[in-house]
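Input: a single structure, listed below in structure tokens.
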Amino acid sequence: MYNLAWAIVLVPLGAVGLSYVTESPRRAAQICIGGTAASFVMSVVLLIYRLSHISQNPYQSVITFWTYAPGQTPVGFIGDFHIQVGILVDGLSTAILPVVTLVSLLIQVYSVAYMRGDPGYRRFFVIIGIFTFSMLGLVASPNLFNLYLMWEGVGVCSYLLIGHWWHRPAAAAAAKKAFLVTRIGDLGLFLGIVFIFSKFAADVSLLPANPQTEVNDPLNFQILGLEWQRVSSGQVLGAGSRSLVVMALLVLLGAVGKSAQLPLHTWLPDAMEGPTPISALIHAATMVAAGVYLVARLYPLFLVAPHVMTVVAVIGACTAVFAAVVALAHTDIKRIIAWSTVSHLGLMFTALGVGAFTAGVFHLFTHAWFKALLFLAAGNIIAAYGTQDIREMGGAWRRMRGTSLAMLAGCCSASGVIIFAGFWSKDSIVAGVLRNEFPGGGHVSRLAQALLLVAVCTTSVLGAMYPFRMFFLAFCGQPARRRGFQPERVREAPPAMLWPVIILGVLATIAGFIGIEGARYTFGNFVYTGSPGREGFSAGGLLLGGGLALLGVLVAALLWWRPLPVLGRVAAPVRRLGALAADGFRVDAAYAWLMMRIVALARLPVRFDRELTDAVAGGAVESVGVAAGEMRRLQTGRLQIYAISAMAGVVLVVGGITLAATGHFPGVGAAR
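For the sequence shown, our numbering assigns the number -2 to the initial residue and increments by one for each residue that follows.
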């Protein structure tokens, strides 16, 4: 049954290949959707089977395609090891596989109507199929080598999908920006993998026999888990050593780039230039979630480097607050949701950094549903109103009731309103910060804990304000009056675009209940069987988080739904910062200024080479040329001149000898 994971990963790729058999783009799209649907059904079957066999050890199946024997390795001390690809079935991968497949399936069904008539219709569904295969392969990877292959596959597909409308300069620029910025993080991850291999490969042969790891793969996650145990017991390296810190920091750089955390966050808002279904796909459970998944998968490494965990928490908290402020200032509905993704990913990093392991991954689980919902509902209202500016919408509640109810559920879940899915996961992060315990030992200082708590609470308030600001302006009130727009022509989206939104609305409402403690298998002990991480909610965290969410909703209602004049006057000075915040606090401009300075510095050697080296070399060449030109005049080609020159030379030599012999040169004579 566990080998079903092979089919879950490979079926979407097989469907992509089969889609080329038919000449009909519509039939090709149906084949790709069928492949994803089959993977979803199999992932649910695998999840049920895993739930009934939760006590079993993780299962892996690998294919070895390269083996190094001790005498064949380019580096002699490494010893015998294997390079493998395969699948790993454990609680973490089994919980995420259905999320990826269902989100991808609903987005593809939605895209059938949304992308109808697009010239790249077949290409769109083919790349989504490859994207789904890459993400499934990443989730089920048994080792870092396999994970990195799928990691790069996700990056390439995101580049192609963001630039789907490549003829638009903004879309082409956004695709290039996403590709180049994430390369920085990918380079860090690659160096981290190389460094981990160099440190652990020599110790693989020393590991005790393990029935779950029959071959020696120094990048295998289970072997790395054994290495963590040896490190924690002092057998290898040493807890908190520089090597472990470097490994964790390099891996963190890869996660920061892929999950758009500060300072590598600038690519994600621009990725909105792609089609709206692609925005939902990238933001919900695939590309940007890969960074959080990477940290969760390699959490044993971070546990033995507690200082790096503090870095994870600080980066996440700063990103969460920063992105929430920017989202509150934007008027583009897709960019508001994009910055919301950055903020929620920051909360996940914060949870993982303070040891709230279950809370971080549980929020990743619930975030997939309400973020996909928000984007697809936004696609419905954009199609109806012909604009992405929430100031030019209004009144959708009366004419698009299904989309409006679904969007309301998404906003409540994203805000952490009680009962909705986001409440259980988002507020458990607040509880994790309050608890403030590292499973690997050590505590954040009281000052750091206080600052993290302030950041998380601020994000909770702002994280409720910007979704409901978007909802009140776009769905409530009166339709905006603008040239060429007829409010009476606004209609609900077609069924193919409405039903995926409704399904996601239901999931965004009820999905959080699986995390409630007291069930036979809670989310935490399923995902983290055998993990030292703590799990669970606290009444204080839930009350604090839920209260802050309601406060944010109330403030949003008083500012944008039923505005109070007093609050309007108080908020007037704050609005002056709106333009700066809407521009992302000009981080892009700062990067552009920095790059221009780097380019200017890079041109200095060129100027030195051109103005000094070339001048000296050119002067020498010119001098030789002048001398050669003067000497060339002596070579006239006339025999008479050569004969006269020879005779003149003979006369001078004979005359000199004669004068020297007769004593006319006293010095010469004395010497003689």
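The C-beta atom is built at its ideal place from N, Cα and C for all residues, glycine as well.
For I279, does the three-state DSSP call read helix, strand or coil?
-> helix
Would DSSP call I51 helix, strand or coil?
-> coil
Using three-state DSSP, classify I75 as helix, strand or coil.
-> With a pLDDT of only 45 at I75, under the threshold of 50, the placement of this residue in the model should not be trusted; the figure read from the coordinates follows. Looking at I75 - three-state DSSP - the assignment turns out to be helix.
Cβ separation of L158 and W148, assumed to be a contact under 8 Å, to the nearest whole Å | Rounded, the Cβ-Cβ distance is 16 Å, inconsistent with contact.
Below 8 Å on the Cβ atoms is my guess for I499 versus A403; work out the distance and round it to an integer in Å.
-> 6 Å
Three or more C-beta pairs closer than 8 Å, one from the region 357 to 368 and one from the region 445 to 454: is that the case here?
-> no
Would you call the region 125 to 145 and the region 2 to 14 touching, i.e. three or more CB-CB distances under 8 Å?
-> yes
Leaving out five residues on either side along the sequence, give the residues of the same chain with a beta carbon under 7 Å from the beta carbon of I654.
-> none
Is the beta carbon of T91 sitting closer than 8 Å to the one on L44?
-> yes
Between G543 and G413, is the Cβ-Cβ spacing less than 8 Å?
-> yes
What do you get for T61, buried or exposed, if any count of 16 or more other CB atoms within 10 angstroms of its CB means buried?
-> exposed
Taking contact to mean at least 3 C-beta pairs separated by less than 8 Å, is the region 176 to 187 in contact with the region 243 to 259?
-> yes
What is the C-beta distance between Q57 and I80, in whole angstroms, given that I count them as a contact (C-beta under 8 Å)?
-> In fact, because the Cβ distance is near 15 Å, the residues do not count as touching under 8 Å.
Nearest CA to the CA of L278: which residue from G357, L103, I312 and L141?
-> L103
Determine the closest residue to S101 out of L89, W264, I275 and Y145, with distance taken between C-alpha atoms.
-> I275
Do you know how far the Cα of R629 is from the Cα of G622?
-> 10 Å
Below 8 Å on the Cβ atoms is my guess for P266 versus W336; work out the distance and round it to an integer in Å.
-> 6 Å
Take the Cβ of H360 as the centre, count every other Cβ of all protein chains shown within 10 Å, and call the residue buried at 16 or more, exposed below.
-> buried
Sequence-distant residues of the same chain with beta carbon closer than 6 Å to E270, five excluded per side = A167, A168 and A171
In three-state DSSP terms, what is L370?
-> helix
Could you give the DSSP three-state label for S58: helix, strand or coil?
-> strand
Check D339 in the structure and name its three-state DSSP category.
-> What sits at residue 339 in the sequence shown is Val, not Asp. Reduced to three states, the DSSP call for V339 is helix.
Length at least 4, wholly inside the region 448 to 516: the alpha helix (DSSP H) runs in chain order = 492 to 507
State yes or no: is the beta carbon of I507 nearer than 8 Å to at least one beta carbon in chain D?
-> Among the chains of the structure shown, chain D does not appear; only one protein chain is present.
A411 to V96 span [Cα, whole Å] | 17 Å
State the DSSP-derived secondary structure class of Q637, mapped to helix, strand or coil.
-> helix
Which two residues bound the contiguous alpha helix (DSSP H) that contains R113?
-> Neither: R113 is in no alpha helix (DSSP H) and is coded neither H nor E.
Mark H50 as exposed unless 16 or more other C-beta atoms lie within 10 angstroms of its C-beta, in which case mark it buried.
-> exposed
Beta-carbon separation of I312 and M244 under 8 Å?
-> no
Would the beta-carbon of H161 be found less than 7 Å away from any heavy atom of the ligand NAD?
-> No copy of the ligand NAD occurs in the structure displayed, which carries no ligand at all.
Residue environment, F605, which counts as buried when at least 16 other CB atoms sit within 10 Å = exposed
Reference R165, options L247, V82, L177 and A268, closest by Cα = A268
Helix, strand or coil at I84 according to DSSP, with G and I counted as helix = strand
What number of angstroms, rounded off, separates the C-alpha of P484 from the C-alpha of L540?
-> 41 Å
Measure from the alpha carbon of K255 to the alpha carbon of each residue in V305, V41, Y145 and L221, then state which is nearest.
-> Y145
Would you list, in sequence order, the uninterrupted alpha helix (DSSP H) runs of no fewer than 4 residues that lie entirely inside the region 397 to 423?
-> 398 to 412
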